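Notes to accompany the following structure.
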Amino acid sequence: MIEIQAAHVRGIQQINGRPCAEVEVVPFESNTGSFTVYVAKVPHGGYEIVDARSQQTAVADSGAFDNNMGQVLSASFGEEMANIDFGSEWQAKSYFLDSLLGCQEVCEALAEQLGQ
Numbered sequence: 061m062i063e064i065q066a067a068h069v070r071g072i073q074q075i076n077g078r079p080c081a082e083v084e085v086v087p088f089e090s091n092t093g094s095f096t097v098y099v100a101k102v103p104h105g106g107y108e109i110v111d112a113r114s115q116q117t118a119v120a121d122s123g124a125f126d127n128n129m130g131q132v133l134s135a136s137f138g139e140e141m142a143n144i145d146f147g148s149e150w151q152a153k154s155y156f157l158d159s160l161l162g163c164q165e166v167c168e169a170l171a172e173q174l175g176q
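In terms of the working numbering, the sequence shown is residues 61 to 176.
Put into structure tokens, the structure is as follows:
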């Protein structure tokens with residue numbers, strides 16, 4: 061399980077046509093590095109994680125990070141954080157989302173930026 065040391069909402073991005081809060085997460089595990097999760101509001105209340113990316117992948121996607129080290133870091137992140145993709149691991153995803161919503165700053169920013 062990923063334990064959260066700190067998290068904050070950096071803004072809103074469109075992911076597959078849905079407004080999603082871009083949340084930077086700093087885990088307690090120091091060798092993992094920070095990563096970004098994209099959280100969307102669900103129709104009948106609550107939130108869901110739509111996507112998750114390592115910081116290296118997010119920077120690489122912007123075009124500002126262009127070397128083989130970025131690929132190595134992204135691959136390493138993918139191996140260590142296979143559950144970030146969560147897939148069918150709905151319990152892990154639910155636990156992580158609950159932990160994320162336990163961060164008061166994140167919860168308030170989600171309500172403010174994505175609506176109640």
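Yeah, the Cβ is synthetic: ideal placement off N, Cα and C, and Gly gets one too.
This one's a predicted model, so the numbers in the text were calculated from it and none came from an experiment.
By the neighbour-count criterion, in which a residue is buried when 16 or more other Cβ atoms sit within 10 angstroms of its Cβ, A112 is buried. V85 is positioned such that its CB atom lies closer than 8 Å to that of F95.
Take K101, set aside five residues on each side of it, and the residues of its chain with a beta-carbon closer than 7 Å to its own are Y107, L174 and G175, in chain order.
In the DSSP assignment, E63 falls outside any alpha helix (DSSP H), carrying neither H nor E.
Counting other Cβ atoms within 10 Å of its Cβ, I62 reaches 16 or more and is therefore classed as buried.
Taking all protein chains shown into account, F156 has 16 or more neighbouring C-beta atoms within 10 Å of its C-beta and is therefore buried. In the structure shown, the three-state DSSP call for C163 is coil. According to the DSSP assignment, E84 belongs to the beta strand (DSSP E) that extends over R78 to P87.
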